[in-house]
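One structure below.
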Amino acid sequence: MPHIIFFPSLIGLNLTAQERENVKNAESVREGIRQLLRKRRQSSTTDRGDLLSILLEDPLFANDEEAQIDDMIVTYMAGVTTTATAT
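Per numbering that gives the first Met the number 0, the sequence shown starts with residue 0, numbered consecutively.
Following this line, the structure appears as structure tokens:
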């Protein structure tokens with residue numbers, strides 16, 4: 000799917016069934032994280048001493064929900080990769 004990375008406007012054009020499923024799954028994950036972020040913002044306890052609390056309070060990320068979502072995905076993938084190679 001390199002054409003999607005460099006040309007996001009091509010999403011949906013000439014995609015294989017697997018690529019369409021991948022795009023759908025990525026959108027689903029992003030929406031789940033978006034809901035988690037909104038739920039945490041509405042919570043009375045915003046600082047829980049975790050990564051999400053840091054992202055919500057950091058001025059670089061505070062007003063950029065997409066950047067928060069991206070960072071959470073990258074952190075999760077880094078943890079999965081680290082754990083997978085450690086065993």
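From the three backbone atoms N, C-alpha and C, an ideal C-beta is built for every residue, glycine too. The structure displayed is predicted, hence computed values, not measured ones.
Report task. Flag this pair as touching only if the stretch 23-33 and the stretch 61-72 have three or more C-beta atom pairs under 8 Å; answer yes or no. Result -> Enough Cβ pairs lie closer than 8 Å, so yes.
Query raised in the report: On the three-state DSSP scale, how would you describe R35?
Result: Position 36 of the sequence shown holds residue 35. As written in the sequence, residue 35 is Leu, which differs from the Arg given in the question. In the structure shown, L35 falls within a helical segment according to DSSP collapsed to helix, strand and coil.
Requested in this report: Please go through the same chain and pick out, in chain order, the residues whose beta-carbon is closer than 8 Å to the beta-carbon of S27, but skip the five residues on each side of it.
Outcome: In the sequence shown, the residue the question calls residue 27 occupies position 28. Nothing listed; no residue qualifies.
Query raised in the report: Hey, how far is the Cα of P1 from the Cα of V22?
Result: Here residue 1 corresponds to residue number 2 of the sequence shown, with the count starting at 1. Here residue 22 corresponds to residue number 23 of the sequence shown, with the count starting at 1. The predicted position of P1 is uncertain, since its pLDDT is 48 and thus under 50; a value taken from the coordinates is nonetheless stated next. The C-alpha of V22 is placed about 13 Å away from the C-alpha of P1.
Query raised in the report: What is the rounded straight-line gap between the Cα of L54 and the Cα of N24?
Result: If you number the sequence shown from 1, residue 54 lands on position 55. If you number the sequence shown from 1, residue 24 lands on position 25. Using only the alpha carbons, I get a separation of about 24 Å.
**Report entry** Backbone CA spacing between T82 and V73 [nearest angstrom]
**Finding:** For the purposes of this step, residue 82 is taken as residue 83 along the sequence shown, with counting starting at 1. For the purposes of this step, residue 73 is taken as residue 74 along the sequence shown, with counting starting at 1. Taking the straight line joining both Cα atoms gives about 14 Å.
Query raised in the report: So what does DSSP say about T80, is it helix, strand or coil?
Result: Taking the first residue of the sequence shown as 1, we reach residue 80 at position 81. For T80, the three-state secondary structure derived from DSSP is helix.
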